[in-house]
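Working notes for the structure below.
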Ligand code: ATP
């Protein structure tokens, strides 16, 4: 059966003053897919994630979340419509407990059985269990990233956006993190992922897009992109 589009952009254009950071970008994520966005520093990846989340108002074009135009909506309404962003740099609340940080992500769900949800998330992120009542600020970078993902998941979003989840983390932690992301994909969570670790992202993604100077210059199945020599040189090599 054809899967429905969960999130898509039509000629999405956004910038800072006169400079265009996104130029007529068309991307699509279907239900159950994991899609990776690749690109060098400054290519526009974070601007895309922020625009999709309602944190950066686009200049023109459309963002469709389950066929509904959301490009004019504020971030909290987009969240309520089913999109959860795990932002670059985690952005956990350092003085609040791990538990309260997670619960912040569930504030829109009135039906929440908080204890049951937290227990499910702690099975997914066992490192957080011992730290559940500790202030988030004492966690390692990897633990904070897992917390940020747990905070996103508790909302049971229709789509999860991950902005640079591996940034600044040790290789062993990145492996652990990507195992969790692969599990989420296997469970059918719809995910849009930006990561400098392009080889890792393409290893678990279904499809990918390459951004260059705010434009989509290549798109395809993750396997195809991994085999593409130009992409290998630009993003997968020693990069
Ligand atoms: P990085 O991995 O370095 O974050 P990126 O692909 O996420 O790169 P963006 O951060 O989206 O790229 O930046 C796209 C372009 O917009 C770049 O030219 C960048 O210099 C510019 N830009 C980003 N944020 C701002 C800002 N707050 N004000 C002005 N220009 C900005």
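In the UniProt record's numbering, the protein residues as written are 604 to 842.
Quick reminder that beta carbons are idealized off the backbone N, C-alpha and C, glycines included.
Keep in mind the model is a prediction, meaning the values are calculated, not measured.
- The C-alpha of residue 621 is placed about 44 Å away from the C-alpha of residue 731.
- Below 8 Å, too few C-beta pairs join the segment 696-704 and the segment 672-681 to call them touching: fewer than three.
- Annotation for residue 827: the continuous alpha helix (DSSP H) segment containing it runs 825-830.
- The C-beta separation of residue 812 from residue 640 comes to about 5 Å, placing the pair in contact by the 8 Å criterion.
- Among the bridge pairs identified by DSSP, residue 814 is matched with 819.
- Of the candidates 608, 631 and 646, 646 places its Cα closest to the Cα of residue 617.
- For the options 711, 833 and 610, the alpha carbon positioned closest to that of residue 754 is the one of 711.
- Secondary structure of residue 737 (DSSP, three-state): coil.
- For the pair residue 766 and residue 797, the CB atoms are nearer than the 8 Å cut-off.
- Note on residue 671: under 16 other CB atoms within 10 angstroms of its CB, so exposed under the neighbour-count rule.
- Per DSSP, the beta bridge partners of residue 794 are 637 and 763.
- Judged by DSSP in its simplified three-state form, residue 679 adopts helix.
- Between residue 762 and the set 715, 800 and 684, the nearest pair of CA atoms involves 684.
- Scanning 674, 662 and 805 for the CA closest to the CA of residue 610 turns up 674.
- When distances are taken from the beta-carbon of residue 612 to the heavy atoms of ligand 1, even the shortest one reaches 7 Å or more.
- A direct Cα-Cα distance of roughly 8 Å separates residue 724 from residue 757.
- Judged by beta-carbon spacing, residue 805 lies beyond the 8 Å limit of residue 788, meaning their Cβ atoms are not closer than that value.
- In the structure shown, residue 752 adopts helical secondary structure according to DSSP, grouped into three states.
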